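Using my numbering, read the sequence shown as starting at 35 and increasing by one per residue.
Even glycine gets a Cβ: it sits at the ideal position worked out from N, Cα and C.
Just so we're clear, the structure is a prediction, and the values are computed from it rather than from any experiment.
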Amino acid sequence: MLDVGTKDGFIASQFIELGMQVDAIDINDPKEEIAKVNFQKIGVSDFLESNTKTYDITICRHVLHHLDKPKEIIKKLNKISGVFLFTYFGPKDDWFGKVSTLTHEEVLELFAPETVRHHSETFQHGKTYAQEMKFWHINTFVIKND
Ligand SMILES: C[S@@+](CC[C@H](N)C(=O)[O-])C[C@H]1O[C@@H](n2cnc3c(N)ncnc32)[C@H](O)[C@@H]1O
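Below, the structure is given as structure tokens:
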């Protein structure tokens, strides 16, 4: 599997525990080496330029809002994935205007309807990694390609 924007490898490590081979990328180094994970320090756009692999599962959680051309990256990640799970912040998020946001519908229209296995929109108060409270508008998608 591929974990995009792995940070300290929380998601990647769960898949190691399941016995999977895990590649993980991030533009920043993790705090500590992530055990058994094949980590590369690289931005997702550069990774996609050079990558030749495909993955059974790709996860990209709470990362895409950092990107200038998110739709292009979403489509490219989907192309290399059997199952692609990702989140995207929506316009009601407290970070609206500071990061890139997309509506649920804008993301959905990128995919053939029969490939969309899950899509949900959640609204919640919660903490950021910096332990600050914020209002989150999180769109979650699971795409399954044949
Ligand atoms: C909020 S954290 C999410 C961490 C983890 N995916 C999770 O769900 O908890 C966002 C991560 O995306 C990374 N990131 C930001 N821009 C990126 C890019 N262009 N390519 C790869 N990683 C990026 C950041 O360094 C950070 O580690």
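Length of the line joining the Cα atoms of residue i and residue j
i      : j      : result
LEU98  : ASP63  : 18 Å
MET167 : LYS161 : 4 Å
SER134 : ARG151 : 24 Å
TYR122 : HIS96  : 7 Å
Any non-hydrogen atom of ligand 1 closer than 7 Å to residue i Cβ
i      : result
LYS103 : no
VAL97  : yes
ASP127 : no
TYR163 : yes
HIS171 : no
ASN85  : no
PHE130 : no
VAL18  : Outside the shown range of the chain, which is 35 to 180, sits residue 18, and nothing can be said about it.
Closest by C-alpha distance to residue i, when choosing among the options
i      : options                        : result
ILE61  : ALA69, GLY43, GLY53            : GLY43
GLN158 : PHE169, GLU148, GLN165, ALA164 : PHE169
GLY131 : ASP102, GLY77, ILE107, THR86   : ASP102
GLU106 : GLU140, THR156, ASP127, TYR163 : GLU140
GLU51  : PHE145, ILE59, GLU83, ALA69    : ALA69
PHE49  : ASP90, LYS65, LEU82, PHE175    : ASP90
Residues of its chain near residue i, where Cβ-Cβ distance is below 8 Å and the 5 sequence neighbours each way are ignored
i      : result
GLU67  : PHE73
PRO104 : LEU98, TYR122, SER134, LEU136
7 Å CB neighbourhood of residue i in its chain, flanking five on each side removed
i      : result
CYS94  : VAL38, GLY39, LEU111, PHE120
LEU142 : VAL150, HIS153
LYS126 : PHE157, HIS171
Contacts around residue i, its chain only, beta-carbon distance under 6 Å, and the 5 residues preceding and following it disregarded
i      : result
THR156 : ILE172
THR92  : LEU36, LEU111, SER115, PHE118
What runs of the beta strand (DSSP E), each 3 residues or longer, lie entirely inside the segment 55–106? 57–60, 72–75, 89–94
Kindly provide the ranges of any alpha helix (DSSP H) runs that are 4 or more residues long and lie completely inside the segment 110–148, ordered along the chain. 138–142
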